[in-house]
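Trainee:
Chains as they are written, first to last, in our numbering: chain L, 10 to 332; chain D, 10 to 332.
1. Using three-state DSSP, classify residue 36 of chain L as helix, strand or coil.
2. What would DSSP say about residue 236 of chain D, mapped onto helix, strand or coil?
3. Kindly say whether residue 84 of chain L, judged by its beta-carbon, lies nearer than 7 angstroms to any beta-carbon of chain D.
4. Taking 7 angstroms as the CB-CB cut-off, is residue 118 of chain L touching chain D?
5. Tell me which residues share the same chain as residue 77 of chain D and place their Cβ nearer than 6 angstroms to its Cβ, disregarding the 5 neighbours each side in the sequence.
6. Give me the DSSP bridge partner(s) of residue 49 of chain D.
7. Against chain L, which members of the region 134-163 of chain D pass a CB distance test of less than 7 angstroms?
8. Could you tell me whether the Cβ of residue 111 of chain L comes closer than 7 angstroms to any Cβ of chain D?
9. Shorter than 7 angstroms from the beta carbon of residue 40 of chain L to some beta carbon of chain D?
10. Does DSSP put residue 20 of chain L in a helix, a strand or coil?
11. Spell out whether any CB of chain D is found under 7 angstroms from the CB atom of residue 122 of chain L.
12. How far does the beta strand (DSSP E) with residue 111 of chain L in it reach, from first residue to last?
13. Is any beta-carbon of chain L found at less than 7 angstroms from that of residue 293 of chain D?
14. Would you check if the distance between the CB atom of residue 226 of chain L and the CB atom of residue 212 of chain L is smaller than 7 angstroms?
15. Determine the burial state of residue 330 of chain L: buried for a count of at least 16 other Cβ atoms within 10 Å of its Cβ, exposed for fewer.
16. Which word fits residue 65 of chain D, buried or exposed, when buried means at least 16 other C-beta atoms lie within 10 angstroms of its C-beta?
17. So who's on the other strand from residue 108 of chain D, going by DSSP bridges?
18. Between residue 217 of chain L and residue 188 of chain L, which are expected to be in contact by the criterion C-beta below 8 angstroms, what is the C-beta distance as a whole number of angstroms?
19. Taking only beta-carbon positions, decide if residue 37 of chain L is within less than 7 angstroms of chain D.
20. Leaving out five residues on either side along the sequence, give the residues of the same chain with a beta carbon under 7 angstroms from the beta carbon of residue 278 of chain L.
21. Answer yes or no: does any C-beta atom of chain L fall closer than 7 angstroms to that of residue 179 of chain D?
22. State the DSSP-derived secondary structure class of residue 246 of chain L, mapped to helix, strand or coil.
23. Please list the terminal residues of the continuous alpha helix (DSSP H) segment that includes residue 222 of chain L.
24. Taking only beta-carbon positions, decide if residue 81 of chain D is within less than 7 angstroms of chain L.
25. Is the beta carbon of residue 92 of chain D less than 7 angstroms from the beta carbon of residue 43 of chain L?
26. Give the DSSP bridge partners of residue 156 of chain D, in chain order.
27. Rounded to a whole number of angstroms, what is the C-alpha to C-alpha distance between residue 164 of chain D and residue 120 of chain D?
28. Within 8 angstroms, do at least three Cβ pairs link the region 233-243 of chain D to the region 120-134 of chain D?
29. Considering only the alpha carbon of each residue, which of D:268, D:110 and D:148 lies closest to residue 123 of chain D?
30. Under 7 angstroms, do residue 138 of chain L and residue 104 of chain L count as touching if we go by C-beta distance?
And the structure:
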């Protein structure tokens, strides 16, 4: 097959640095069924680091979507992220945060050491960072903190445009406070990302409490979707005896059930659908599970650390083949 | 050889979770000689995660000395740190911080998830944590923050007593501010730790700007010392072209030179001396280097991730052998 790239060799690529939810898999102090199996050395369970995706339009310069606490090891594990030139270098040219959760911001601490990049987020997420002096390790001489407004397309790297949009969610756990928490609020604290490059559209939504009609319409026709795959059953953590919260309480729609993502996305035309941000308790992590089979049967893939997806330009390659 | 344990089976053990300095080895954006060799896949250079030591008097319950950003992976890599019972468990029963540097505190974020432990530090280091809302992820219902005064022995785990003492150093980099920095100040912001258990004395001093006579006297006769091995040459980062700071400016005494640790410790009676908190630029990391040979010739060892030292009770084993 002839593959024809865009004028500047552009091709949208996505690299899963971490497929896991907060705490990763295994979780440090957990003996749920999956974790206990992992600690016991059972086969069929791959470890996952915490949620992060890298995207690029040219394979050289990368946008990091969320900075997980595991970022240092994720960079070491992925040759695409290694420094390549001079004494100080990184292919990571920009970092975009989709919320203020610890599993998405703590890795910023890894990115110290006088390396220039743009730090992109909504104004509300920037304010979470400003409230924590530890992030002052990012020297403003090198790191430019730039607010991005919702629904305003922004070319953050040459040929790569992002648009942020609000999705149902909640404020970060460590900022919840004492009172009741609105778990499907819509605002600047939890966003989804549309990434457009080389004529392709990719969506990254690692946290989402529900799929309202306007969000479904937005995602319709996308070439690639990475979506919140935290829990399979809404009450999974309770069933496993490792927590008292439902997926809904954590701001994550479950995969299964009438209000779950498998049902909600059924029939929606999307090129490729991949679950990401998968919790340690999720039974889809087990190679032979019925839940994993159900997810695959519904047309979904399950992300793993190191998964790379390179989208080809359907229209151009069709033209090239027609010559 | 007959090994006789103490009455309660007590034996002081130390496990190096991370032997590296801030940023670890390799450092994410660095191409100093060592890092460039690592990225190129050259042999003879082992990766190191960031500075942390675990100690135990019974092999079951562990005190963590510093919580590095790499803590999640360090726990996965060390079977001694795995959860062993019930649904939630950890052998880590207490965490002690020796300063407020990011490479020593960021890992606290990993220790969320409703696990009880004591968080121990000087009042000044606790105040650094309190100034950062991200650490409120440690639920006070489970995590007890306890101040420890300098020079006050405290039994932090059964049979394991720690004493904190000030060593020459400086405030954390991210709190330095604009003005000149006192790099060999003495106070609560940089401490050394004496750990006594089963009749043995271990010292852990990952950051130290100088060795004044009173500190040398304190360390004299110790069974085991883990000491600041950040740089070999004071101007090593400048020589390598990856920074403009000397070891002294960073609050770390170099190994080499007239004021270096090799000279300063010469002749001081210490059972076993191990360098820890080793920077990515340090030439001792290279298997065949003259610097590594010089360190070994001076009676020092160089820590690596996963190194475990179990001290035997000399007196008792001698008695046992004499029977």
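C-beta: ideal position from N, C-alpha, C; glycine also.
Mentor: Judging by the given coordinates:
1. coil
2. strand
3. yes
4. yes
5. 27, 59, 60, 61, 112 and 116
6. None; residue 49 of chain D has no bridge partner.
7. 140, 141, 142, 143, 145 and 146
8. yes
9. yes
10. coil
11. yes
12. That residue, residue 111 of chain L, is in no beta strand (DSSP E); its alpha helix (DSSP H) goes 111-114.
13. no
14. no
15. Only weak support exists for where residue 330 of chain L lies, its pLDDT of 42 falling under 50; the value from the coordinates is given anyway. By the neighbour-count rule (16 or more Cβ atoms within 10 Å), residue 330 of chain L is not buried but exposed.
16. buried
17. D:199
18. About 23 angstroms; that fails the 8 angstroms criterion.
19. yes
20. 229 and 230
21. no
22. helix
23. 222-228
24. yes
25. no
26. D:130
27. 22 angstroms
28. no
29. D:148
30. no
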